[in-house]
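Residue numbers (our numbering): 1 to 248.
Written out as structure tokens, the structure is:
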């Protein structure tokens, strides 16, 4: 049986107060993480953190509101993450993916549904952007593939697949890998993913088979894990794809 997302009334009160102040401020933000997963797929997790997504330009204002509400705040990583801490609770303020590929912008808000969280009307990260934010999380101690599979299981027929393909266009192989695994996990649910999506991605694989491999020895594994591909860059002569992105 799933644990409630917030079993601690104290935590609910503190999170609710922070959200209420943010709503009053008028700063645009979206709720993601465990609370969005609860709304989208019905899985509740007590994680002691609340994930908020906002454009980078709004990050400082979000931190100011949290600080005024009693949270200790820090800019953890200028590329993608800030944090608020209060007692044993955390609020993660995310304005990009961890690898810096996908900044939060106004397009995230266009299809964001409004739901009640802690009795307050807030907007969730859209399902397509939820999948995007989880697609590259493939660390040894954290892999978000099951979350993606559950989102597709519950919402595949209603997803904007054209939009999702556009979001992951530069690294469409990552999406294909998740979709192939979804087919393995749920052999009776293949129709959650439109046939044209699979055909298009597999066509791209076939086109690659007829082309020679790139001469550029780059390791894109560093876009999936911060640690698991260090040896490739440090000892095996591969370039770090993250460095390539920072120069572009």
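Beta carbons: idealized from backbone N, C-alpha and C, even for Gly.
Practice prompt. Whole angstroms is fine: what's the gap from residue 209's alpha carbon to residue 150's?
Written response: 31 Å
Practice prompt. For residue 219, write down the residues that DSSP places opposite it in a beta bridge.
Written response: 240
Practice prompt. Have a look at residue 146 and residue 127 and give me their C-alpha separation to the nearest angstrom.
Written response: 14 Å
Fill in: Distance between residue 118 and residue 12 (C-alpha atoms, nearest Å)
7 Å
Fill in: Residue range of the unbroken beta strand (DSSP E) whose run includes residue 81
81 to 86
Worksheet item: Which residue's Cα is closest to the Cα of residue 190: 153, 202 and 213?
Response: 153
Discussion item. Let me confirm a value: residue 133 is counted as buried when at least 16 other C-beta atoms fall within 10 Å, else exposed. Which label applies?
Written reply: buried
Worksheet entry | 4-residue-minimum alpha helix (DSSP H) runs that sit fully inside the segment 121 to 203, ordered along the chain | 127 to 135, 145 to 155, 161 to 167 and 172 to 185
Item to complete: Give me whichever residues DSSP pairs with residue 31 in a beta bridge.
Response: 52 and 124
Practice prompt. Can you have a look at residue 166 and say buried or exposed, based on whether 16 or more other CB atoms are within 10 angstroms of its CB?
Written response: exposed
Discussion item. Rounded to whole angstroms, what is the Cα-Cα separation between residue 240 and residue 206?
Written reply: 26 Å
Fill in: Length of the line joining the Cα atoms of residue 3 and residue 124
A caution first: residue 3 carries a pLDDT of 47, below 50, which makes its placement in the model unreliable, though a value can still be read off. Residue 3 and residue 124: Cα-Cα distance of roughly 21 Å.
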